[in-house]
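Colleague: The following block contains the structure, expressed as structure tokens.
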Amino acid sequence: TSTSAAMPADGVVGGRRMGIKGNPIIKEAAVGCSDAVCGIIVAVDPVPEGGKRQKVSVDTGGAVLIVVTAWAVEVGNVVAVATVGSFCGDVEVRKSNVSGVETDGKLLDEATLGWPGGAANCTCILPASCQIGTTAPESRPKRVVAEATEEQIAEAAAKKAAVEERAAKAKAKKDEKAAAKEGKKTKASKEAEGSEEEKELVKASKAQLATIRKQLAAKRKAGEEITTDDELEAAGFMSL
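Residues in the sequence shown are numbered from 7 upward in steps of one, following the working numbering.
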């Protein structure tokens with residue numbers, strides 16, 4: 007009897023959709039990889055004479071040893087792991103020897119998990135809320151933004167106030183410099199005007215004074231009320 011003859015009509019056996027020769031290709035809880043589970047990295051060590059390879063110890067409810075090359079991993083990361091016997095697509099995960107290290111699992115990326123638009127060849131870091139040993143998410147978990155504590159809110163407000171205070175001081179200093187500069191320009195302008203006036207008002211000579219007095223007499227005769235000093239200043243001379 008062939009495998010296909012024994013397979014149920016819906017093609018599902020033990021929660022898995024069966025593929026060629028009965029290999030489980032997809033499990034509903036982890037599209038793209040059967041039996042992918044959540045684990046936490048408990049140790050990361052270099053592989054002796056292994057170049058960029060690292061030996062990663064993962065706790066999935068049981069110890070799993072994995073070797074990765076140039077993948078960013080840190081102790082404490084929650085990751086997706088395919089253990090021995092799992093299938094990534096139609097390829098079975100088996101024990102292997104990598105640079106002298108006996109491995110019994112595979113670290114998964116988003117693409118291997120089957121996440122829509124998932125990245126490949128880089129560690130799939132899961133939220134810390136994922137429970138160790140449970141089935142890996144079938145799609146990228148939504149980011150949960152935690153509410154800020156009163157202490158965090160107070161700290162943020164203090165930082166904002168400090169920034170605003172520094173900005174206010176900088177503006178006041180800038181305005182002060184601008185005002186001082188404008189004051190110097192105004193003073194220089196007034197001094198220049200005063201100097202010009204002093205240059206223009208000169209003492210009239212005897213001949214000029216005689217001429218002005220004749221003009222003054224004519225104006226007074228015509229009925230104008232005017233003083234000698236007024237006439238001298240009008241003519242650009244210093245008063246007597």
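All C-beta atoms in this analysis are idealised placements derived from N, C-alpha and C, irrespective of residue type, glycine included.
Around the Cβ of lysine 193, are there at least 16 other Cβ atoms within 10 angstroms (buried) or fewer (exposed)?
Modeller: Lysine 193 should be labelled exposed.
Colleague: Does the Cβ of glycine 45 have 16 or more other Cβ atoms within 10 Å, making it buried, or fewer, making it exposed?
Modeller: So glycine 45 ends up on the buried side.
Colleague: Can alanine 213 and leucine 238 be called in contact, C-beta distance under 8 Å?
Modeller: It is not a contact, given that the beta carbons lie outside the stated cut-off.
Colleague: Do leucine 119 and cysteine 130 have their CB atoms nearer than 8 Å?
Modeller: Contact: yes.
Colleague: Measuring straight from C-alpha to C-alpha, what distance separates asparagine 103 and threonine 109?
Modeller: Taking the straight line joining both Cα atoms gives about 6 Å.
Colleague: Are the segment 86-95 and the segment 47-54 touching, with three or more C-beta to C-beta distances below 8 Å?
Modeller: They do not touch, by the three-pair rule.
Colleague: With alanine 142 and serine 92 assumed to form a contact (beta carbons below 8 Å), what rounded beta-carbon distance in angstroms separates them?
Modeller: 10 Å between Cβ atoms; not a contact.
Colleague: How would you call cysteine 39, buried or exposed, if buried means at least 16 neighbouring beta carbons within 10 angstroms?
Modeller: Buried: at least 16 other Cβ atoms inside 10 Å.
Colleague: Alpha helix (DSSP H) containing arginine 59: first to last residue?
Modeller: No alpha helix (DSSP H) holds arginine 59; the beta strand (DSSP E) holding it covers 59-65.
Colleague: Helix, strand or coil for lysine 180? Go by DSSP, reduced to three states.
Modeller: In this structure, lysine 180 counts as helix in the three-state DSSP scheme.
Colleague: Excluding the five sequence neighbours on either side, which residues of its own chain have a C-beta within less than 8 Å of the C-beta of glutamate 80, listed in chain order?
Modeller: Cβ neighbours of glutamate 80 beyond the five flanking positions: Ile47, Val50.
Colleague: Indicate the three-state DSSP secondary structure (helix, strand or coil) for lysine 112 in the structure shown.
Modeller: DSSP places lysine 112 in strand when its eight states are reduced to three.
Colleague: Let me check one thing: in DSSP terms, what residues is glycine 45 bridge-paired to?
Modeller: Note: glycine 45 sits in a beta bridge opposite Val85.
Colleague: Buried or exposed: where does glutamate 144 fall if 16 or more other Cβ atoms within 10 Å of its Cβ makes it buried?
Modeller: So glutamate 144 counts as buried.
Colleague: Can you give the beta carbon distance from alanine 126 to alanine 117, rounded, assuming they're within the 8 Å contact cut?
Modeller: Contact flag correct, Cβ pair sits at about 4 Å.
Colleague: What's the gap between the Cα of serine 195 and the Cα of lysine 180?
Modeller: Cα to Cα, serine 195 sits roughly 23 Å from lysine 180.
Colleague: Among the residues of its own chain, which have a CB less than 6 Å from the CB of asparagine 83, if the five just before and after it don't count?
Modeller: Excluding residues within five positions, the ones whose Cβ falls inside 6 Å are Ile47, Ile131.
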